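2 protein chains.
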Amino acid sequence: MNVGILGGGQLARMLAGAGIPLGLNFTIVDPKADACAGALGRLVTADWEDDAAIEALAGCDRVTCDFENVPAAVLEALGQRTTVHPAARALAAGQDRLVEKRMFESLDIPVPPFAPVSSRPELLEALERIGYPAVLKTRRMGYDGKGQAVLRTVEDLEPAWQALGDHDLILEGFVPFDFECAITVVRSATGALSCYPLSRTVHQDGILRLAMAPAPGTDKLQARAERLGRTLAEHLDYVGCLTLELFAADGRLLANEFAPRVHNSAHWTIEGAQVSQFENHLRAVCGWPLGETAARGRSLMINWIGRMPERERLLACRGLHWHDYGKQARPGRKVGHATLTEADGQSLDTLMAELVPRLDDQSASLLTGLMNDSA
Amino acid sequence: MNVGILGGGQLARMLAGAGIPLGLNFTIVDPKADACAGALGRLVTADWEDDAAIEALAGCDRVTCDFENVPAAVLEALGQRTTVHPAARALAAGQDRLVEKRMFESLDIPVPPFAPVSSRPELLEALERIGYPAVLKTRRMGYDGKGQAVLRTVEDLEPAWQALGDHDLILEGFVPFDFECAITVVRSATGALSCYPLSRTVHQDGILRLAMAPAPGTDKLQARAERLGRTLAEHLDYVGCLTLELFAADGRLLANEFAPRVHNSAHWTIEGAQVSQFENHLRAVCGWPLGETAARGRSLMINWIGRMPERERLLACRGLHWHDYGKQARPGRKVGHATLTEADGQSLDTLMAELVPRLDDQSASLLTGLMNDSA
Numbered sequence: 000m001n002v003g004i005l006g007g008g009q010l011a012r013m014l015a016g017a018g019i020p021l022g023l024n025f026t027i028v029d030p031k032a033d034a035c036a037g038a039l040g041r042l043v044t045a046d047w048e049d050d051a052a053i054e055a056l057a058g059c060d061r062v063t064c065d066f067e068n069v070p071a072a073v074l075e076a077l078g079q080r081t082t083v084h085p086a087a088r089a090l091a092a093g094q095d096r097l098v099e100k101r102m103f104e105s106l107d108i109p110v111p112p113f114a115p116v117s118s119r120p121e122l123l124e125a126l127e128r129i130g131y132p133a134v135l136k137t138r139r140m141g142y143d144g145k146g147q148a149v150l151r152t153v154e155d156l157e158p159a160w161q162a163l164g165d166h167d168l169i170l171e172g173f174v175p176f177d178f179e180c181a182i183t184v185v186r187s188a189t190g191a192l193s194c195y196p197l198s199r200t201v202h203q204d205g206i207l208r209l210a211m212a213p214a215p216g217t218d219k220l221q222a223r224a225e226r227l228g229r230t231l232a233e234h235l236d237y238v239g240c241l242t243l244e245l246f247a248a249d250g251r252l253l254a255n256e257f258a259p260r261v262h263n264s265a266h267w268t269i270e271g272a273q274v275s276q277f278e279n280h281l282r283a284v285c286g287w288p289l290g291e292t293a294a295r296g297r298s299l300m301i302n303w304i305g306r307m308p309e310r311e312r313l314l315a316c317r318g319l320h321w322h323d324y325g326k327q328a329r330p331g332r333k334v335g336h337a338t339l340t341e342a343d344g345q346s347l348d349t350l351m352a353e354l355v356p357r358l359d360d361q362s363a364s365l366l367t368g369l370m371n372d373s374a
Numbered sequence: 000m001n002v003g004i005l006g007g008g009q010l011a012r013m014l015a016g017a018g019i020p021l022g023l024n025f026t027i028v029d030p031k032a033d034a035c036a037g038a039l040g041r042l043v044t045a046d047w048e049d050d051a052a053i054e055a056l057a058g059c060d061r062v063t064c065d066f067e068n069v070p071a072a073v074l075e076a077l078g079q080r081t082t083v084h085p086a087a088r089a090l091a092a093g094q095d096r097l098v099e100k101r102m103f104e105s106l107d108i109p110v111p112p113f114a115p116v117s118s119r120p121e122l123l124e125a126l127e128r129i130g131y132p133a134v135l136k137t138r139r140m141g142y143d144g145k146g147q148a149v150l151r152t153v154e155d156l157e158p159a160w161q162a163l164g165d166h167d168l169i170l171e172g173f174v175p176f177d178f179e180c181a182i183t184v185v186r187s188a189t190g191a192l193s194c195y196p197l198s199r200t201v202h203q204d205g206i207l208r209l210a211m212a213p214a215p216g217t218d219k220l221q222a223r224a225e226r227l228g229r230t231l232a233e234h235l236d237y238v239g240c241l242t243l244e245l246f247a248a249d250g251r252l253l254a255n256e257f258a259p260r261v262h263n264s265a266h267w268t269i270e271g272a273q274v275s276q277f278e279n280h281l282r283a284v285c286g287w288p289l290g291e292t293a294a295r296g297r298s299l300m301i302n303w304i305g306r307m308p309e310r311e312r313l314l315a316c317r318g319l320h321w322h323d324y325g326k327q328a329r330p331g332r333k334v335g336h337a338t339l340t341e342a343d344g345q346s347l348d349t350l351m352a353e354l355v356p357r358l359d360d361q362s363a364s365l366l367t368g369l370m371n372d373s374a
């Protein structure tokens with residue numbers, strides 16, 4: 000069976016890594032000739048709308064995406080010719096933050112206060128209602144903190160407007176959260192659905208840095224998060240993995256955004272869950288039985304941002320699993336990650352304490368903070 | 000860093016699967032154009048001694064094997080031009096059963112009685128000394144029970160001689176073992192060495208069918224097996240993973256044979272150990288720190304022989320990890336395996352009991368036997 004993937008980044012790379020042992024072959028379409036998933040499949044270098052791309056993918060038994068901003072029209076066209084998961088409609092629902100937030104509201108999924116902004120007067124009006132601090136975001140094409148500005152005082156207003164005013168925008172109330180977390184849900188075409196344990200996430204400058212799972216102290220939140228994830232997946236008649244990013248505040252959960260694909264907050268599942276999000280996404284896309292989402296002990300994932308750290312220094316850490324995406328170094332770019340997992344006689348606390356002295360200062364500080372906060 | 004592999008079967012496929020996340024690229028040489036490791040690297044279709052093969056591999060930073068019967072001369076030639084692990088000498092030591100057994104004896108590694116056989120009179124003489132039952136084996140090129148005949152009575156003699164008499168042979172006493180097991184050792188160029196937990200193995204018709212690890216009830220045998228494995232690896236100044244196959248009889252361990260490569264009895268380490276044999280072999284070959292060999296709970300591996308079983312029936316089993324080698328079906332051929340691993344709240348006993356009814360009769364019977372025997 001041949002699976003086509005729109006987008007050839009690290010998510011496609013890890014999908015193919017999970018799928019090859021399942022007996023799948025991959026055809027990957029990406030505009031870049033050095034797309035890192037090319038090591039594990041046939042890479043077609045083309046733009047999404049390119050005829051060559053459409054033809055290569057239409058010949059696959061199944062098609063999926065590693066990227067939520069694929070034009071929905073491309074998926075619709077492909078959907079006429081082969082089986083595409085997730086469907087264009089599900090992708091479209093996540094491509095515009097305003098549409099997404101309104102969908103959450105309509106599903107009784109709690110969200111922070113928000114308002115659409117398409118002019119300066121609208122921004123001022125929205126700020127009056129929502130108050131400082133707030134976050135001004137582009138409605139489309141934002142990821143990893145791009146296309147966002149935090150407004151803490153009136154002085155932040157002008158630079159934010161200069162930077163973003165050309166786009167359709169949304170203003171969101173800044174949630175004074177206790178912590179951030181994310182739930183990954185996998186759903187099959189038959190409606191079977193499983194949820195991974197909540198992952199506690201730590202962002203910096205809008206980029207995910209750490210994920211710990213199962214998120215400590217979330218026994219009560221887990222069932223609530225599962226209900227929200229299930230509501231969303233069923234509403235979208237979703238097939239595959241999706242992740243709902245959440246703020247936990249005063250024992251409540253507020254939805255931030257969802258990603259209609261495998262997600263960074265669940266990379267820990269490769270070694271830390273019985274079946275990874277990558278394998279389960281493919282199982283769902285192929286119409287096979289879903290795999291168990293149970294955790295195998297506790298896990299911590301740490302992202303490598305900008306450039307890979309010194310490999311030998313880190314490979315010497317017990318319990319550490321290395322993921323080099325094979326990408327060129329570039330500031331702010333996700334180039335790899337590592338996951339710590341427990342083994343017989345090794346607790347995650349011990350493994351994290353051994354890891355900290357081998358990290359760069361920034362990562363060490365974030366991890367120490369998370370360890371203290373979750374102890 | 001580019002790693003060359005002589006041989007493109009499932010072992011090379013799983014080496015590459017483990018190595019790509021480490022940031023490695025692979026060049027794979029195999030005489031067959033459909034070698035299954037080709038999905039994960041650049042496949043050079045050529046005979047081992049072919050100039051194209053030598054050139055492709057000589058350009059790699061490191062070279063290793065997925066096959067112990069690579070001509071030692073090829074490794075020697077490559078060793079002049081790049082770094083080759085294991086070295087030609089280690090490979091040669093395992094290519095002739097007689098040389099291997101004599102090496103074991105010289106290292107005080109206990110072995111069953113054996114004698115070289117190059118003529119009918121020598122066979123009769125050896126049988127007189129060793130007695131029935133015994134196993135007549137070709138000295139070279141045997142694997143998966145090929146090139147062997149069990150002699151239980153004098154009537155087995157003539158057919159065995161007809162089948163094997165053209166080769167250099169060895170007669171080995173048949174060990175009335177309690178069970179078979181195997182220890183996998185990884186050693187780095189600096190002499191650092193780690194051992195995986197003993198794997199209890201079950202063969203049928205000379206082919207490995209099941210492996211359970213850590214082997215139950217082997218607390219005392221583990222240290223002894225580690226000593227034997229260490230002695231062998233140090234004697235060979237070995238770099239990479241090697242596996243020593245053992246008979247356990249009356250609380251003693253007798254060496255059967257060793258494999259200078261990653262080995263089927265340790266496939267469970269992919270999901271069942273902190274770092275797999277495949278990753279650790281590559282870490283050793285690349286000169287990186289070795290990873291932890293600690294188990295992550297208990298595991299059971301089951302080989303798929305001849306053809307893959309029905310995928311959907313088995314993917315529905317909890318705790319099951321699927322490995323389809325992407326090979327054509329053929330009687331007696333290893334085409335894939337699956338590994339059961341424990342997760343939070345799931346014991347291996349439960350998972351095995353759930354698996355049995357989904358297996359073919361032969362596999363079900365072998366697994367039930369192992370479960371009863373190891374309970």
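So the protein sequences, as listed, match chains A and B. Heads up, the first sequence is in numbering that gives the first Met the number 0, so the first residue is 0 and it goes up one at a time. Heads up, the second sequence is in numbering that gives the first Met the number 0, so the first residue is 0 and it goes up one at a time. Just so you know, even glycine gets a beta-carbon here, dropped at the ideal spot from N, CA and C. Note that the structure is a prediction, hence the values are computed from the model and not measured.
Just to confirm before moving on: does the CB-CB distance between residue i and residue j stay below 9 Å?
i        : j        : result
Ile4/A   : Asp65/A  : yes
Phe257/B : Glu270/B : no
Met300/B : Trp321/B : no
Gly8/A   : Tyr324/A : yes
Arg226/B : Gly164/B : no
Ala87/B  : Gly78/B  : yes
Leu235/B : Pro330/B : no
Ala265/B : Phe176/B : no
Val73/A  : Glu48/A  : yes
Ala315/B : Arg251/B : no
Ala191/A : Leu289/A : yes
Val174/A : Leu122/A : no
Asp33/B  : Gln327/B : yes
Val284/B : Thr81/B  : no
Asn263/A : Lys219/A : no
Can you name, in chain order, every residue of its own chain whose Cβ lies under 8 Å from the Cβ of residue i, other than the five neighbours on each side?
i        : result
Leu97/A  : Phe113, Pro115, Arg138, Asp167, Ile169
Asp107/B : Thr230
Met351/A : Leu299, Leu339, Leu366, Met370
What residues are listed by DSSP as bridge partners for residue i?
i        : result
Trp321/A : Ala337/A
Ile304/A : Lys333/A
Ala214/B : None, per the DSSP bridge assignment.
Ala294/B : Ala272/B
Phe25/A  : Val2/A
Gln361/B : DSSP, once it has assigned bridges, lists no residue as partnering Gln361/B.
Leu14/B  : In DSSP, Leu14/B forms no bridge with anything.
Lys326/B : Its beta-bridge partners do not exist; DSSP assigns none.
Pro115/A : Ile169/A
Phe246/A : Glu179/A, Leu253/A
Gly239/A : Arg186/A
Leu135/A : Ala148/A, Leu170/A
Starting from the C-beta of residue i, find all residues in its chain whose C-beta is less than 6 Å away, skip the five residues before and the five after it, and write them out in chain order.
i        : result
Arg310/B : none
Leu10/B  : Asp65, Val261
Pro109/A : Leu253
Val83/B  : Val62, Leu74, Leu77
Which same chain residues, not among the five before or five after residue i, have their C-beta less than 7 Å away from its C-beta?
i        : result
Gly18/B  : Val2, Phe25, Leu281
His336/B : His266, Met300, Ile301, Asn302, Trp303, His322
Gln203/A : Leu365
Asn68/B  : Gln94, Met140
Ser275/A : Ala17, Thr268, Ile269
- What are the complete beta strand (DSSP E) segments, minimum 3 residues, inside the segment 41 to 109 of chain B? Assignment of beta strand (DSSP E) within the segment 41 to 109 of chain B, counting only whole runs of 3 or more residues, yields 41 to 44, 61 to 64 in chain order.
- Query: Can you give, in chain order, each stretch of the alpha helix (DSSP H) that sits fully within the segment 148 to 212 of chain A and has at least 4 residues?
  - Reply: Runs found: 156 to 163.
- Message: If contact is defined by three or more beta carbon pairs under 8 Å, each pair taking one atom from either stretch, is the segment 202 to 222 of chain B in contact with the segment 350 to 366 of chain B?
- Response: With the cut-off at 8 Å, the segment 350 to 366 of chain B and the segment 202 to 222 of chain B touch.
- Query: Between the segment 283 to 298 of chain B and the segment 341 to 359 of chain A, do three or more beta carbon pairs fall short of 8 Å?
  - Reply: Judged by Cβ distances under 8 Å, the segment 283 to 298 of chain B makes contact with the segment 341 to 359 of chain A, as three or more pairs qualify.
- Query: Hey, is the segment 28 to 46 of chain A in contact with the segment 23 to 41 of chain B, meaning 3+ C-beta pairs nearer than 8 Å?
  - Reply: Three or more beta-carbon pairs separated by less than 8 Å link the segment 28 to 46 of chain A to the segment 23 to 41 of chain B, which places the two stretches in contact.
- Message: Taking contact to mean 3 or more Cβ pairs, one atom from each stretch, closer than 8 Å, check whether the segment 147 to 161 of chain B and the segment 124 to 136 of chain B are in contact.
- Response: Two segments are said to touch when three or more pairs of C-beta atoms, one from each, lie closer than 8 Å; by this definition the segment 147 to 161 of chain B touches the segment 124 to 136 of chain B.
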